[in-house]
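Novice:
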Amino acid sequence: MIRAAQATRWPILAAMLWVGCGPRERGITLFYTNDIHATYGPSPAVWVDGEPLVGGFVSLRRQFERERKGVKHWLLLDGGDLLSGGPAGDLVYRGVQGGHMIRFMNALGYDAMSLGNHDLDFGADNLSRALSLASFPVLAANVLNDTGTPLTGAGWVVFRRGGLRVGVIGVVTNRLEQLVSRATSARFEVLQPGVVSDSLARFLDPRTDLLVVLSHCGLEVDRYLARRLGPVVDVIVGGHSHDRLETPEEHNGVIIVQAGTKLRYLGRLDLEVREDRAVNYENRLILLDDTVSAPSVPGSLAWLADSLDASLEAAYGDTVGEIATRMGRSYHRESALGNWVADALRWYADADVAFVNSGTFRSDVLPGPLTIRQIREVVPFANTVVTFSCTGRELDVILRHNVEAAIAESHGILQVSGCSCRATVVGTDTIMETALAGMPIKPDSIYKCATVDFVASAHSQRYLGMVPSDVYDHSILLSSAVERAVRAKASLGSVVEGRLVLDGVEARRGEKS
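Residue numbers (this note's numbering): 8 to 520.
Next up, the structure:
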């Protein structure tokens with residue numbers, strides 16, 4: 008495979024690939040996306056100066072058509088998480104919540120997609136209807152229904168492109184059951200992606216010339232898969248961890264690629280295949296920055312996008328308040344955005360404390376007028392507000408559990424309101440100081456806590472370190488609770504103010520590594 012020092016050879020290789028390949032030396036291009044999260048139009052590129060608007064399906068079509076000119080053989084693949092994660096996921100098309108996203112994928116002519124955990128946010132029945140709507144297979148080899156077959160109906164597929172047989176296997180994170188509701192996870196069994204992909208790869212290897220794994224498992228797991236599956240598997244197209252890999256990773260002869268999130272990039276991987284192996288390659292991430300207006304001809308992608316814009320504007324276009332300062336996210340630390348939403352939740356529920364899992368947040372908030380649509384872009388998932396009671400001792404358990412998650416970065420922390428915690432790491436010990444409304448937490452007092460059903464009802468041990476006994480569901484979405492708080496001017500902004508402070512954490516991490 009081409010290493011950095013060999014990259015300049017690619018123009019010569021390209022000529023060999025597309026013009027003069029011998030019978031056992033052929034070329035194919037894999038175009039790929041991942042973690043679209045119900046994003047169909049442009050969004051701010053926060054990592055670029057000026058934060059220009061980039062991405063979306065209209066720009067993707069233009070770039071895709073440009074890139075595939077002169078390419079004889081190609082596949083267009085996606086790494087999962089399509090239906091949910093943005094306001095477009097709220098809308099129903101032909102009985103499918105998030106179904107408009109399938110319309111866009113069909114129009115682009117995608118060849119295959121891996122199932123993502125958020126594609127099950129609206130339940131297994133909604134997924135089944137989405138599969139019927141899709142003109143491409145959705146692969147989930149390690150997620151089995153009660154008949155022992157893939158939940159999506161397909162675990163792998165073989166494509167023929169110019170005499171090449173390309174096998175594509177789809178696998179999903181083995182933590183899938185922790186990431187969806189209990190009612191949904193009861194409908195399937197999740198097997199280890201490494202075991203399943205290994206078995207399928209060995210089965211498909213003699214029947215194919217190139218093997219690709221579509222993995223919605225995250226980069227860390229993809230590295231493990233590569234070490235296990237190489238050299239039988241050639242490529243892993245990843246998802247779930249939202250990594251933007253400008254330079255592919257290579258492990259045990261396996262190429263790992265991933266294209267960020269929210270449809271801001273199109274990945275292009277050009278491969279030379281010889282003797283059942285990918286022997287040379289070049290990869291590029293193409294920024295989808297061509298966002299000029301396109302003719303809105305009925306049935307076109309621009310028309311679909313405009314129609315969806317109009318529907319969302321009608322449903323969520325109202326301005327509900329004014330935000331003074333930018334509020335950003337953090338997955339493992341206190342954030343201004345997390346404080347803002349947690350404050351709004353605590354106000355709505357009239358609770359002593361509130362907890363919101365950091366994985367809920369999918370967009371920052373910019374200064375200026377705030378619409379319902381923007382709130383639903385920030386907290387897009389169908390999580391409902393719940394309350395429960397706990398003693399001061401149990402509250403200390405929750406806060407300590409949250410500190411441990413922050414130190415280990417084992418999962419997204421709970422953003423908090425109404426309480427604070429300072430943790431100092433000394434050697435292997437963690438010393439904690441906690442407070443509620445600036446006062447010590449009383450061990451025997453009863454406190455009212457607010458959070459979302461995903462935290463308290465579905466995954467309480469993971470996030471709280473305990474199982475609440477009196478959870479009450481208010482049957483209102485978190486986004487609606489935030490909207491009401493903003494309308495009431497109860498929560499118009501926040502800053503990082505020391506609700507979760509960690510001292511000495513880097514030293515502890517150094518010892519662990």
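Using N, Cα and C, we set each Cβ at its ideal position, and we do this for glycine too. Since the model is a prediction, treat every value here as computed from it, not as a measurement.
For His223, list the residues DSSP reports as bridge partners.
Specialist: Looking at the DSSP output, His223 shares a beta bridge with Val179.
Novice: When the Cα atoms are used, what is the spatial distance from Arg516 to Arg429?
Specialist: Note on Arg516: pLDDT 40, under 50, position unreliable in the model; no value is reported.
Novice: Measure from the alpha carbon of Ile262 to the alpha carbon of each residue in Asp250, Leu278 and Ser66, then state which is nearest.
Specialist: Leu278
Novice: Following the continuous beta strand (DSSP E) through Ser303, name the residue where it begins and the one where it ends.
Specialist: Looking at the DSSP string, Ser303 is not in any beta strand (DSSP E), and its letter there is neither H nor E.
Novice: Can you name the residues that DSSP bridges to His418?
Specialist: In DSSP, His418 forms no bridge with anything.
Novice: Please say whether Gly201 and Arg235 have beta carbons closer to each other than 7 Å?
Specialist: yes
Novice: Relative to the C-alpha of Ile379, which residue among Glu416, Thr332, Ala488 and Asn346 is closest?
Specialist: Of the listed residues, the one whose Cα sits closest to Ile379 is Ala488.
Novice: Is the number of C-beta pairs between the region 285-298 and the region 108-115 that are closer than 8 Å three or more?
Specialist: No: the two stretches stay apart, fewer than three of their Cβ pairs being nearer than 8 Å.
Novice: Output needed for Ser365: all residues of its chain with C-beta closer than 8 Å, excluding positions within five of it in sequence on either side, in chain order.
Specialist: Arg336, Ser337, Tyr338, His339, Ser342, Gly345, Gly419, Ile420, Leu421 and Gln422
Novice: Give every residue of the same chain whose Cβ lies closer than 6 Å to the Cβ of Ala141, excluding the five residues on either side of it in the sequence, and list them in chain order.
Specialist: Ile109
Novice: Are the beta-carbon atoms of Pro133 and Gln104 separated by less than 7 Å?
Specialist: Going by the sequence as given, residue 133 is Asn instead of Pro. At the C-beta level, Asn133 and Gln104 come within 7 Å of one another.
Novice: Identify the residues that DSSP records as bridge partners of Glu256: which are they?
Specialist: Ile263
Novice: Can you say whether Asp510 is buried or exposed, counting buried as having 16 or more other CB atoms within 10 angstroms of its CB?
Specialist: exposed
Novice: Taking C-beta to C-beta, are Thr191 and Gly130 nearer than 7 Å?
Specialist: yes
Novice: Should Pro157 go down as buried or exposed, given a rule of 16 or more other Cβ atoms within 10 Å for buried?
Specialist: buried
Novice: Within the same chain, show all residues whose beta-carbon is closer than 6 Å to that of Val503, passing over the 5 residues directly before and after it, in chain order.
Specialist: So the list reads Glu341 and Ala343, once near-sequence residues are dropped.
Novice: List the residues that DSSP assigns as beta-bridge partners of Gly245.
Specialist: Residue pairing by DSSP places Gly245 opposite Ser222 in a beta bridge.
Novice: With DSSP as the reference, label Thr367 as helix, strand or coil.
Specialist: helix
Novice: Looking at the structure shown, is Glu401 part of a helix, part of a strand, or coil, going by DSSP?
Specialist: helix
Novice: Going by the C-beta, is Ser66 closer than 6 Å to any heavy atom of the ligand HEM?
Specialist: Annotation note on the ligand HEM: not contained in the displayed structure, which lists no ligands.
Novice: For Leu377, which beta-bridge partners are listed by DSSP?
Specialist: For Leu377, which the question treats as bridged, DSSP gives the partners Gly328.
Novice: Pull up the distance between the alpha-carbon of Arg291 and that of Tyr231, whole angstroms please.
Specialist: Roughly 23 Å between the two C-alpha positions.
Novice: Kindly indicate which residue of Pro213, Val392 and Ala351 has the alpha-carbon position closest to the one of Ile483.
Specialist: Val392
Novice: So, are the CB atoms of Gln265 and Leu252 less than 7 Å apart?
Specialist: yes
Novice: Rounded to the nearest angstrom, how far is the Cβ of Gly48 from that of Ala312, given a contact under 8 Å?
Specialist: 6 Å
Novice: Whether or not the region 88-100 and the region 30-44 are in contact is what I'm after, with contact meaning three or more pairs of Cβ atoms, one per stretch, closer than 8 Å; do they touch?
Specialist: yes
Novice: Based on DSSP bridge pairs, tell me the residues matched to Thr40.
Specialist: Per the DSSP secondary-structure output, Thr40 pairs in a beta bridge with Asp85.
Novice: Which residue from Pro387, Gly434 and Leu471 puts its Cα closest to that of Gly96?
Specialist: Pro387
Novice: Which same chain residues end up closer than 6 Å to Ser188 when comparing Cβ atoms and leaving out the 5 residues on each side of it in sequence?
Specialist: Ala465
Novice: At the level of alpha carbons, what is the spacing between Tyr355 and Lys269?
Specialist: 30 Å
Novice: Can at least three beta-carbon pairs, one atom from the region 213-228 and one from the region 80-87, be found at a separation below 8 Å?
Specialist: yes
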